[in-house]
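Note sheet for the following structure.
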Amino acid sequence: MFKPLLFGSALFTATSAFCATSVSSIGEALDLQQYRDDVKTLASDEFEGRSPLSEGEEKTIEYLVKQFKDIGLAPAFGDSYIQPVPLAKITADQNMSLKFGDVTLTNASEFTARTQRISDNITVDDDVVFVGYGVTAPEYNWHDYEGVDVKGKTVIMLVNDPGFVSQDPDFFGGNAMTYYGRWTYKYEEAARQGANAVFIVHESMPAGYGWGVIQNSNTNTKYSLIDDNENQSQIGVMGWMTLRAAEKVFKAAGMDYREMKAKASKPGFKAVDMKLHASLKMRNTIEKKQSRNVAGIIPGVTSPDEWVALHAHWDHIGKAIENGKEVVMNGAVDNASGVAGVLGLARVMKTLSEKKPFDRTLMFGAFTAEETGLIGAEHFAQNPPVPASDIVAFLNIDGMNVNQSVDYILQYGNGLSELEDYVAKAAKAQGRYVKPDPRPQNGLFFRSDHFAAAKQGIPSYLFMSLGDTDPTFIAQRYHKAADDYLPSWDLGGVKQDLDLMGQIMAELANNGDWPKWTADSDFKAARKASGR
């Protein structure tokens, strides 16, 4: 169980005025035309949206391996640049409907349903329980499942966590989402409680994105790692429903959704048997295949077994249906921009290493299946090429600022690890300040690949600018076909952010420091258990 990690104001701010020319030699050495070419290639229709286990993956892996070789990186996985990632490719037949009593919901427009169980058929034929937020948090004396048996049942729950309603920063982080608010936690806890199916009620504000993101992310082929029990211990149905659908279902149960939501947001809430029966039949086509993580290294000369890692996920969501037509989801910002950043910084750092070798090893990676639950990163974190205790830091890029430079760097989380000190120092040297996450309710710290590394105790930091400098991005392009490369990109933000990351990597590569977790959490406990 992860204790909540709270978000708040930044630890450090720089008081000096921003100077657009205050970039170091790393930023100046970046080849921004090559950066554009990398993004244009990876985000082209030819790469088919970079879906794992597709022709798009083949082209992506071939491209990345060639680039790593051309840069002169050594293989990260023994004598290979590739780490196989065993996946189940699960495609649910979308010709399904969901019933709650006499209410029938339409797939995609009113609900979504998928599974990670390796099962050809999933059946819901269950009693229904409303479990509030679906949270068990002893440190807040919060027990949504207390006194109720949900084994073999369908549970309906609210999105986010109770703090979002209270806005009290001392209660579940207030507006800042804790891990209890993430859908991954909700499915995990429901499985621990023995439930058969979960349906989370979607609301745009507490979710942080509109229903279109849910549709595009849950109605196409999904992927999963495979455990020794064919994932049978996981929740049978991972579902969502729209707010309007939830209102109809609650009305059928003789309840008012908003009244029940208000009750569920207060201490002492008890789960409620809705006196409804849920039914759903899901038919799945399952293929077991291997996807791939890719990584190369610049070996260190004095402490080569100590690694500093930079990473961006290479995958996006392939193809989807928009307005009744099949479209390619090219994912230019999310996350071809990040992969191009890894390649660009690798080129600069390799050149620097030839002039003066680094003490520690630098790793540059691109992992698979982030969009389906950080799967490639999970596999890497559980099977690293060196012990997790020997990975000094894991820096993760998930969507770069492709627009003009800005006078701040975003920080997701506050007071979590000493990596925040490194970011603040590098930002100040650039004449920038650290800006707290402007959307803490979205829980972004828990939504990208560094989180998988953090769970293994590796100090990790997220560099993300999805929509921060473009207020239309989330609504109009995020996880949509419109996320394409644009020649109008300024790339000033790319230059300054890669410069900052490069400065941090160079410092950690030579100073012998081991950044520590500062907040009490399972991250800190895992690092301590590893001997660091």
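Counting from 292, one number per residue, gives the positions in the sequence shown under my numbering.
Ideal Cβ placement from N, Cα and C applies to all residues, glycine included.
If distances are taken between C-alpha atoms only, which option among P729, K552, Y514 comes closest to P453?
In the sequence shown, residue 453 corresponds to position 162, counting from 1. For the residues P729, K552, Y514, the minimum Cα distance to P453 belongs to K552.
Reducing DSSP to helix, strand and coil, say where T642 ends up.
Working through the sequence shown from its first residue, we reach residue 642 at position 351. In the three-state DSSP reduction, T642 falls in the helix class (H, G or I).
Indicate the three-state DSSP secondary structure (helix, strand or coil) for W474 in the structure shown.
As a working note, residue 474 is residue 183 in the sequence shown. In this structure, W474 counts as helix in the three-state DSSP scheme.
Which residue spans inside the stretch 667-736 form an unbroken alpha helix (DSSP H) run of at least 4?
The qualifying runs are 710-720.
Under DSSP, the beta strand (DSSP E) around Y514 begins and ends at which residues?
Here residue 514 refers to the residue found at position 223 when the sequence shown is read from its first residue. Note, Y514: beta strand (DSSP E), 513-515.
Between T512 and G591, which are expected to be in contact by the criterion C-beta below 8 Å, what is the C-beta distance as a whole number of angstroms?
Here residue 512 refers to the residue found at position 221 of the sequence shown. Here residue 591 refers to the residue found at position 300 of the sequence shown. Not a contact, Cβ separation roughly 40 Å.
When the Cα atoms are used, what is the spatial distance from K390 to I447?
Sequence index remark: in the sequence shown, residue 390 carries index 99 (1-based). Sequence index remark: in the sequence shown, residue 447 carries index 156 (1-based). Rounded to whole angstroms, the gap between the alpha carbons of K390 and I447 is 13 Å.
Delimiting residues of the alpha helix (DSSP H) encompassing D361:
Here residue 361 refers to the residue found at position 70 when the sequence shown is read from its first residue. Segment 346-362, the alpha helix (DSSP H) holding D361.
Taking the C-alpha atoms as reference points, what is the distance between G734 and D384?
The residue you call residue 734 lines up with position 443 of the sequence shown. The residue you call residue 384 lines up with position 93 of the sequence shown. G734 and D384: Cα-Cα distance of roughly 31 Å.
Flag this pair as yes or no: are the beta carbons of S696 and P375 separated by less than 9 Å?
Residue mapping note: residue 696 aligns to position 405 of the sequence shown, counting from 1. Residue mapping note: residue 375 aligns to position 84 of the sequence shown, counting from 1. No; because the gap between Cβ atoms is not below 9 Å, this pair is not in contact.
Three-state class that DSSP yields for W605 in the structure shown
In the sequence shown, counting from the first residue as 1, residue 605 sits at position 314. Of the three classes helix, strand and coil, the one that applies to W605 here is coil, per DSSP.
Looking at A365: is its Cβ nearer than 9 Å to the Cβ of G587?
Locating residue 365 in the sequence shown gives position 74, counting from the first residue. Locating residue 587 in the sequence shown gives position 296, counting from the first residue. Yes, the pair counts as a contact, with Cβ atoms nearer than the cut-off.
If I measure Cβ to Cβ from Q787 and keep anything under 7 Å in the same chain, skipping five residues before and after, which residues do I get?
Mapped onto the sequence shown, residue 787 falls at position 496. Here Q787 has V314, G318, S696, Q721 as same chain residues with Cβ atoms under 7 Å from its own Cβ, once five neighbours each way along the sequence are excluded.
Secondary structure at V504, three-state DSSP: helix, strand or coil?
Residue numbering aside, residue 504 sits at position 213 when the sequence shown is read from its first letter. Shown here, V504 sits in a helix according to DSSP, grouped into three states.
What is the rounded straight-line gap between the Cα of V422 and the Cα of H434?
On the sequence shown, residue 422 is found 131 positions in, with the first residue counted as 1. On the sequence shown, residue 434 is found 143 positions in, with the first residue counted as 1. Cα to Cα, V422 sits roughly 10 Å from H434.
Near L396, which residues of its chain fall below 7 Å by C-beta distance, leaving aside the five closest residues on each side in sequence?
Locating residue 396 in the sequence shown gives position 105, counting from the first residue. Non-local beta-carbon contacts of L396 in its own chain, meaning distances under 7 Å to residues more than five positions away in sequence, involve S388, L389, F402, M532, A536 in chain order.
Checking 9 Å against the spacing of the C-beta atoms, do P262 and N466 come in under that value?
Lying outside 292 to 823, the shown extent of the chain, residue 262 is not represented and no answer is given.
Using only the alpha-carbon positions, how far apart do T593 and D650 sit?
Locating residue 593 in the sequence shown gives position 302, where the first residue counts as 1. Locating residue 650 in the sequence shown gives position 359, where the first residue counts as 1. Near 5 Å, if we compare the C-alpha coordinates of D650 and T593.
Taking DSSP as the reference, what is the three-state secondary structure of N802?
Stepping through the sequence shown from its first residue, residue 802 is reached at position 511. In this structure, N802 counts as helix in the three-state DSSP scheme.
State whether the stretch 690-710 contacts the stretch 755-762, with contact taken as three or more CB pairs (one from each stretch) at a distance under 8 Å.
A contact exists between the stretch 690-710 and the stretch 755-762.
T510 vs N398 beta-carbon contact at 9 Å
Taking the first residue of the sequence shown as 1, we reach residue 510 at position 219. Taking the first residue of the sequence shown as 1, we reach residue 398 at position 107. Cβ atoms of T510 and N398: closer than 9 Å.
Sub-9 Å separation of G545 and K566 beta-carbons
Within the sequence shown, the letter at position 254 stands for residue 545. Within the sequence shown, the letter at position 275 stands for residue 566. K566 sits close to G545, with the two beta carbons spaced by under 9 Å.
Does DSSP put M792 in a helix, a strand or coil?
Indexing the sequence shown from 1 puts residue 792 at position 501. The answer is helix: DSSP assigns M792 an H, G or I state.
Short of 6 Å in beta carbon distance, which residues of its chain neighbour K554, apart from the five on each side in sequence? Order them along the chain.
Counting from 1 along the sequence shown, the entry for residue 554 is found at position 263. Non-local C-beta neighbours of K554 in its own chain, meaning closer than 6 Å and more than five positions away in sequence, comprise F560, ordered along the chain.
Look at the alpha carbon of F463 and the alpha carbon of P729, and state the distance between them as a whole number of angstroms.
Counting from one through the sequence shown, the residue named residue 463 turns up at place 172. Counting from one through the sequence shown, the residue named residue 729 turns up at place 438. Taking the CA atoms as reference points, F463 sits about 18 Å from P729.
Over the uninterrupted alpha helix (DSSP H) stretch that includes E319, give me the two end residues.
Residue numbering aside, residue 319 sits at position 28 when the sequence shown is read from its first letter. First-last of the alpha helix (DSSP H) with E319: 316-320.
Segments assigned beta strand (DSSP E), at least 3 residues, entirely inside the stretch 366-404
Entirely contained in the stretch 366-404, the beta strand (DSSP E) runs reaching 3 residues are, in chain order, 373-383, 388-391, 394-397.
Please say whether L571 and A404 have beta carbons closer to each other than 9 Å?
In the sequence shown, the residue the question calls residue 404 occupies position 113. In the sequence shown, the residue the question calls residue 571 occupies position 280. Contact flag set, yes.
Candidates L789, H604, I765, of which the one nearest R341 by Cα
Against the sequence shown, residue 341 aligns to sequence position 50. The residue with the shortest Cα to Cα distance from R341 is H604.
Label K477 either buried or exposed according to how many other C-beta atoms from any shown protein chain fall within 10 Å of its C-beta, with 16 as the threshold for buried.
By one-based count along the sequence shown, residue 477 stands at place 186. Per the 10 Å Cβ criterion, buried.
Straight-line Cα distance separating S508 from S556:
The residue labelled residue 556 in the question sits at position 265 within the sequence shown. The residue labelled residue 508 in the question sits at position 217 within the sequence shown. The straight-line gap from Cα to Cα measures roughly 27 Å.
Return the residue from the list A543, V492, R723 that minimises the CA-CA distance to N451.
The residue given as residue 451 occupies position 160 in the sequence shown. Distances from the CA of N451 to each of A543, V492, R723 were compared; the closest alpha carbon is that of V492.
When DSSP builds the beta bridges, which residues end up paired with D418?
As a first step, residue 418 must be located in the sequence shown, where it is residue number 127. Looking at the DSSP assignment, D418 forms a beta bridge with H568.
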